[in-house]
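Taking it in order: structure first as structure tokens, then the write-up.
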Amino acid sequence: RADLRSQEKLYGPIKELLSEDNPPRYRETSFADFVAYFNAKGLDGTSALQHFKL
79 RADLRSQEKL YGPIKELLSE DNPPRYRETS FADFVAYFNA KGLDGTSALQ
129 HFKL
């Protein structure tokens, strides 16, 4: 069973790899937010990642 801290942790681009020439392509999100969006979106043949793109 996952604890609450792992559900609240933000996942996103590795900050050390970002620069003006290499900006982030996706916003940070928690696993809980990703799963909630994925479940609400359903299986429609499109990627759930598009929702998190900047």
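Positions 79 to 132 (this note's numbering) are the ones given, in order, by the sequence shown. Note that beta-carbon positions come from the ideal geometry of N, C-alpha and C, so glycine has one too. Just so we're clear, the structure is a prediction, and the values are computed from it rather than from any experiment.
Just the C-alpha distance for LEU121 and LYS93, rounded to the nearest angstrom, thanks.
Walking along the sequence shown from the start, residue 121 turns up at place 43. Walking along the sequence shown from the start, residue 93 turns up at place 15. If I take the Cα positions, the gap works out to 31 Å.
Under 8 Å between the Cβ atoms of SER108 and LYS131?
Mapped onto the sequence shown, residue 108 falls at position 30. Mapped onto the sequence shown, residue 131 falls at position 53. Against a cut-off of 8 Å, the Cβ pair of LYS131 and SER108 comes out as no contact.
By DSSP's criteria, LYS131 is part of a beta bridge. Which residues make up the other side?
If you number the sequence shown from 1, residue 131 lands on position 53. Answer by DSSP bridge pairing, in chain order: TYR104.
Would you list the residues sitting across from LEU88 in a DSSP beta bridge?
In the sequence shown, counting from the first residue as 1, residue 88 sits at position 10. According to DSSP, which records beta bridges pairwise, LEU88 is partnered with SER108.
Could you tell me whether the Cβ atoms of GLY90 and ARG105 are closer together than 8 Å?
Residue mapping note: residue 90 aligns to position 12 of the sequence shown, counting from 1. Residue mapping note: residue 105 aligns to position 27 of the sequence shown, counting from 1. Taking 8 Å as the Cβ cut-off, GLY90 and ARG105 qualify as a contacting pair.
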